[in-house]
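Contents: one structure, followed by commentary.
Residue numbers (UniProt numbering): 1 to 219.
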């Protein structure tokens with residue numbers, strides 16, 4: 001199924017469509033979570049925290065100042081690689097405590113202006129739709145993972161990296177992989193990947209729902 005979304009921040013309207021079924025429907029411009037959705041989000045957050053606590057990078061009984069980490073290292077950046085046609089440098093950041101580790105592999109390009117433009121446009125749309133600025137700062141395009149203590153849920157990581165003299169990753173991160181290891185065994189992971197990015201001349205017709213599409217009501 002091919003679905004998409006059209007958002008008009010000028011008229012403050014938004015629609016979703018199904019290309020296969022040739023249907024479309026309106027959606028709230030600013031999404032308001034129901035009580036059930038809020039409870040579900042809280043449950044998801046609890047699951048997220050339980051994963052991190054199992055790695056013992058957070059200490060529920062002590063201050064969350066990042067001092068639980070025993071070692072932080074960063075290597076790489078000395079070789080040029082080719083990822084999806086981009087010339088990048090790979091960096092590996094390792095956070096460790098005992099036999100528990102978080103390994104972050106990141107591939108950064110010197111500069112990718114289109115990625116910054118995409119982030120700026122996405123930010124404008126999401127702010128108009130009520131997304132908190134704090135959330136947008138966490139998920140900025142090209143920011144990467146290793147300097148994002150909120151995303152990794154490792155309090156104090158950012159300041160600890162700074163005082164440890166860890167060499168910063170320069171440029172825009174187009175690919176990142178995060179792996180969690182507990183007692184030497186892989187337990188979880190996630191990542192992101194910019195496969196391609198390009199600019200086109202704006203055509204308003206591209207952002208219109210085709211006339212042959214049927215409007216439907218959804219709950």
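Note that the Cβ used here is the ideal one computed from N, Cα and C, for glycine as well.
What you are looking at is a predicted structure, and each value in this text was computed from that prediction instead of being measured.
On a Cα-Cα basis, can you pick out the residue from the options that is closest to residue i?
i: residue 119; options: 80, 136, 2; result: 136
i: residue 9; options: 182, 134, 125; result: 125
i: residue 198; options: 211, 192, 109, 115; result: 115
i: residue 167; options: 72, 24, 14; result: 72
i: residue 90; options: 149, 170, 213; result: 170
i: residue 178; options: 200, 172, 151; result: 151
i: residue 172; options: 210, 213, 140, 149; result: 140
Mind checking which residues open and close the beta strand (DSSP E) that includes residue i?
i: residue 95; result: 86-97
i: residue 182; result: 172-182
i: residue 71; result: 71-83
i: residue 102; result: 100-109
i: residue 186; result: 185-193
Would you call residue i buried or exposed, if buried means 16 or more other Cβ atoms sit within 10 Å of its Cβ?
i: residue 216; result: exposed
i: residue 79; result: exposed
i: residue 185; result: exposed
i: residue 117; result: exposed
i: residue 208; result: exposed
i: residue 87; result: exposed
i: residue 24; result: buried
i: residue 203; result: exposed
i: residue 218; result: exposed
i: residue 81; result: exposed
Report all residues from its chain with a CB closer than 8 Å to the CB of residue i; omit the five preceding and five following residues, and keep chain order.
i: residue 195; result: 84
i: residue 70; result: 96, 97, 98
i: residue 174; result: 83, 84, 86, 88, 107, 108, 109, 112, 115, 142, 193, 194
i: residue 133; result: 127
Along the alpha helix (DSSP H) that carries residue i, what are the first and last residues, could you check?
i: residue 150; result: 149-152
i: residue 161; result: 157-163
i: residue 120; result: 113-128
Beta-carbon within less than 6 Å of residue i's beta-carbon, same chain only, minus the 5 sequence neighbours each way: which residues are those?
i: residue 30; result: 129, 130
i: residue 4; result: 17
i: residue 92; result: 75, 76, 105
i: residue 102; result: 95, 180
i: residue 176; result: 106, 144, 145, 191, 192
i: residue 26; result: 15
Skipping 5 residues on each side, what residues in its chain have a beta carbon closer than 7 Å to that of residue i?
i: residue 147; result: 158, 161
i: residue 269; result: Here the chain has residues from 1 to 219 only, and residue 269 is not among them.
i: residue 164; result: 72
i: residue 201; result: none
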